[in-house]
Each structure stands twice: as structure tokens, then as C-alpha cells.
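Everything on this sheet refers to the single structure shown next.
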Amino acid sequence: SCLRYKASSACHCSPSLLSTPTVIMSSTSPSSSSPSANVAPPPPDGASCWLCLEEGPDDSGAPLVRNCSCRGSSGFAHLSCIIEYAGNTTRQIIQRGVPTVGKDSATEVRNFATGYGDAFFKCPNCKQDYQGDLKGGTTKAFLSFNQTVFPDQNLHKSLQMGKATNRLRQLDAASNADRIEGEELVSKLLASIEELKQSGVPLFDMIEANVYVHCAGFYGGMSSDEGLKKAKSFYQKARDKYVIMGGKADKYVTMGRKFDLDMREINIKIGQIESRLRGSIGRQDKAAEIKLYRDKYDCCVEDGNDVRTVNAGIKLANVLYNAYRTIETEQLLDKMVTTSHRLHGPDHRCTVNAMSILKRVKERCVSLECEEGWFEALQYENDGEKCVLRVKGPIKEPRVTDEEKTITVPSGEVRPYKGTPVMFHGLKKAAHLNGKIGDVREFCQSADRYEVHLEDKGLKPVLAKHGNLKVLFDLPDPKKESS
């Protein structure tokens, strides 16, 4: 994911403008993910395909690939070999017996559907999902495989819908080629739903709801009102299915907490789209959104530390950051980097993505009195009397930090933006707050004071002059703080 700072072009002499710069961190969509996180690193010298045991490219010239959680020289393979292995493994599953929708028990069909095709999506060595470009290749192969070899047409359609959403989730609606592929896939998914309904074969409510959610996510990636309206319509269809499922508590009781979380997320997504259509982006209920993604993250942690946990942590970091809770965001992302590095290695998509976002979150965004644009505060000098800034606004992508000019200014001229971590100093009437840290959340123009929410939850928010706030560059180690 990437961060973009939207700075005002007006003179920052006006204190009211200091409360308005918006900091946006995008979600983990394909379009916003770091390119290096999508493309796997090249194999080391001497690496060979673990399936055919051959080194170097395959007969078509395609190189060895790996984009999972395997380490060292293990796990590399040719995409063609992976696809062949996955196809053979899935055929063996079919040969052991395929349940029939409408005849066999729902449990048998559900268990079969859960494991069917896993060889196309999970590495059999590290037992973790394929990522990035490799996942895109295996997903396309699965869709083709499923259309040609599956004997039960009705179950084929259900499985096709359940797995095809993986491909839809990888597409970027802002890309013309991806948009065309995505709209074709949406049409096929909707046609399959109608065919199953007309045939009288039971269609799993959860599969249908899942299709609608992913269709909504795809269209939500478009910047046009037309795309947003389609996204809202699909979320509403998904919500209707969840209402129906809510009336079948005995059937879905095992879903418990996840069912509630998904329903809450759908309602929040609908509210966000309505806000975007009204042009009031950023005015949604931040507290409800933070509560939702904190609960989703906690749910993933309880299930075990894997790719879903790291992704859930990044989503939570996203909403925290957009609510100007930078200290908590940085602490969470630091934890996600450590967790992902330990579980999946330094080259895994989750690790690269989390590290890239953390680097941007650590930037301290400030402005200067009577200066346009925004700056990144780098460090204090001369016992805090001077502050070194990197000239930033308007930001240029891709970043070339070596070419970005630095200046040194009196520290008293530096004003923090919303979300900038700060430390109190020089307070006299409230001297007990000196040394306390927190995030700038608001600017009170009438009082010319910044509202700081302290990291110490036992303390109320404080209004302070900018002269009593120092930019906090390095967060204290929570382990040392608790000891």
C-alpha cells in the first residue's frame, strides 16, 4: 500500500489550514500494493524446480518462480509444473468421490468445496497461500481447469463461483485490461448464480453473498460514480443474503463472530460509498470503523499468525492512520513487520508491504508559518533550537529522496499536521505533562491551540501551543516502558 499527502496550496500562515491537510493511506488493493510485493524475487544460483528437479527456465523459457513463505533455495518451481501438479492432485480428489449437490448432505458438499482446488492456491511445502503474480497465474489456471474436467455441472458452478472471486480480488478496476477481464468475470458469476437458481439446485447462501461482496469490491476500485453505484448495489445484495442467513441461525451458528464482523463491514462499506457519492469523504464514523477492524484483527490473531493476520493488521493500521492515531499505527505496523518476517521471511509480499507502509508512517509531516506546501521533519539540532526539514509538497511519485532539498529552520516555526506524534515540553502550569507523548488530532483556531490525545489513556486530551510541542521522531520501546 502507499500513502499520499494532500497538502493545501494556500499559505500556511492561516492557522485554520493546519487542521485540514488530509493524510490518506490506501487499502491493500492490487493497485496500491508495492510492485515489489507482487513480483517474487529471482531464484538464487543453483536453485531447481522442486517438482521436475530441473534448474533454469522450463521448455517455454519461463523462469523458476516462488511467491509463498518458503525460505532459502526451497520452494522454487516452474509455473507450468505447479499447474500440472495442482491439476493432478485435484483429479485425485475427484476420483476419490465427488458429492452431488441436492443429493449428498450439505456438510459433505461443503467439506469437499473447502479443500477442492487448494493445490492451485497453497504451496504444499510451507502450507501458505501463493501471493502476487504467482497467485494470479495459478488462479487463471484453476478457472480453466475447472471448466474442462469437472463432472458435476452444478457443483462445478458453485466451486467456480467460490474460487473465481480470488481472481476478481486481484484485479485493479482502474486498469483498462483488468477492468475488461473483471467485468467479464462478474457477468459469468452472475450468470452462474441465475442458472443454479433456475435449475432448482440449492445454492449456498454464503457463496452467493461472497460473490456479491467481491463484485462490490471490484467496482469500488473505480473512481467514477457509476462504479460506486454498482458497488453499493452489490453490497446491498450481499447484505440481503446475510439477513436471510441470519434467519437460519442453526445452520450458520458455527460462523458466529465472523458472521457478525462481515455484516458490520458491509454496512460500513455502504456508508463509505454513500459519503463518496455525496462528496463528503472522510466524514464516516471512524470509531465504528476502528472497532470493526480491531475486532477482525483480534479474530485473526485467535485463529493463528498467518497471512490473514498480517493483512488484517495492515487494514487496522489503515483506519487508525486515517483517524490520525499515528503512534498506535506505527506500533502495530512494527509488530506486523516482525511477525511477517518471522513467519514468512523478508521477501514475502506481506513483509515487503508492511515494511513499505511503516516507512511512510514514520515520516513526520509538518508545515512552516507563511510557507506553502508541507515538509518532513528529520531531526532537531543545537539542543532542539533548530529543526532540519526535507522539502516535500507537492509530493512527486516515484520518490527520489536524494533529490529532495533539506533546510534548517528555527524550531519555533515548525507546526505539526494532524496525526504528527509530539512530546510536550516547556509547560509551566501543567508541568506534569512535560515528556508525555501523543498525536495531534485537531487544531482549535479560536484559541490557536493544538488538541493532543495522549498515549497515556488515563489522561484527557490537551490543548497546547505549538511552541510547547516537539516532533517525536522515535517512539519509546513499549517493552522498556512496561519494565
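Using my numbering, you'd call the opening residue of the sequence shown number 311 and step up by one each time.
Where is the CB? At the ideal position from N, CA and C, for every residue including glycine.
When beta bridges are read from the DSSP output, GLY748 appears opposite VAL732, LEU764. Excluding its 5 nearest sequence neighbours in each direction, PHE386 has C-beta neighbours in its own chain below 6 Å: PRO353, ALA357, LEU374, ARG376, listed in chain order. Annotation: LEU643 is outside any beta strand (DSSP E); the continuous alpha helix (DSSP H) that includes it extends over 636-654. Around the beta-carbon of GLU695, fewer than 16 other beta-carbon atoms lie within 10 Å, marking it exposed. DSSP places ALA541 in the uninterrupted alpha helix (DSSP H) bounded by 535-556.
Excluding its 5 nearest sequence neighbours in each direction, LEU769 has C-beta neighbours in its own chain below 8 Å: LEU743, LYS746, listed in chain order.
Annotation for TYR529: the continuous alpha helix (DSSP H) segment containing it runs 515-530.
Here TYR607 carries a helix assignment [DSSP, helix/strand/coil]. Judged by DSSP secondary structure, CYS675 falls outside any alpha helix (DSSP H) and instead within the beta strand (DSSP E) spanning 674-678. Separation of LYS738 and GLU612 (C-alpha to C-alpha, rounded to the nearest whole angstrom) is 46 Å. The straight-line gap separating the alpha-carbon atoms of LEU699 and LEU653 is approximately 37 Å. SER358 carries a strand assignment under DSSP once its states are collapsed to helix, strand and coil. Distance between LEU481 and PRO771, taken at the CA atoms: about 43 Å.
The three-state secondary structure of CYS660, taken from DSSP, is helix. For ALA483, DSSP records no beta bridge to any residue.
A residue is called buried once 16 or more other Cβ atoms fall within 10 Å of its Cβ, and ILE717, having fewer, is exposed. GLN689: member of the beta strand (DSSP E) spanning 685-691, first to last residue.
Taken through DSSP and simplified to helix, strand or coil, ALA774 comes out as strand. Sequence-distant partners of THR619 (beyond 5 residues in either direction) whose C-beta falls short of 8 Å from its own C-beta, in its chain, are TYR607, CYS610, VAL611, ASP613, THR649. Contact annotation: ALA598 and ILE578 have beta-carbon atoms nearer than 8 Å. Contact between the stretch 657-664 and the stretch 751-759 is absent: fewer than 3 CB-CB pairs across the two stretches fall below 8 Å. When secondary structure is reduced to three states using DSSP, LEU769 falls in the coil class, being assigned neither helix nor strand. Excluding five sequence positions before and after CYS362, the CB atoms of its chain that fall closer than 6 Å to its own CB belong to CYS391, given in chain order. In the DSSP assignment, CYS697 falls within the beta strand (DSSP E) that extends over 696-701. ARG574 and LEU602 have their C-alpha atoms roughly 7 Å apart. Note on ALA774: 16 or more other CB atoms within 10 angstroms of its CB, so buried under the neighbour-count rule. Distance between THR399 and GLY589, taken at the CA atoms: about 50 Å. Contact annotation: LEU785 and ILE637 have beta-carbon atoms nearer than 8 Å. Between the alpha carbons of PRO367 and ALA474 lies a distance of about 29 Å. GLY736 and CYS675 have their alpha carbons spaced roughly 22 Å apart. In the three-state DSSP reduction, ALA372 falls in the coil class, being neither helix nor strand. DSSP, read as helix, strand or coil, puts CYS754 in strand. Here PHE452 is near GLY427, since their CB atoms are less than 8 Å apart. Secondary structure at ARG588: helix, using DSSP grouped into helix, strand and coil.
Taking VAL724 as the centre and dropping the five residues before and after it, the same chain places the C-beta of VAL676, CYS697 closer than 6 Å to its C-beta, in chain order. For GLY683, the closest alpha carbon among the candidates ILE667, ASP693, TYR727, GLN689 is that of TYR727.
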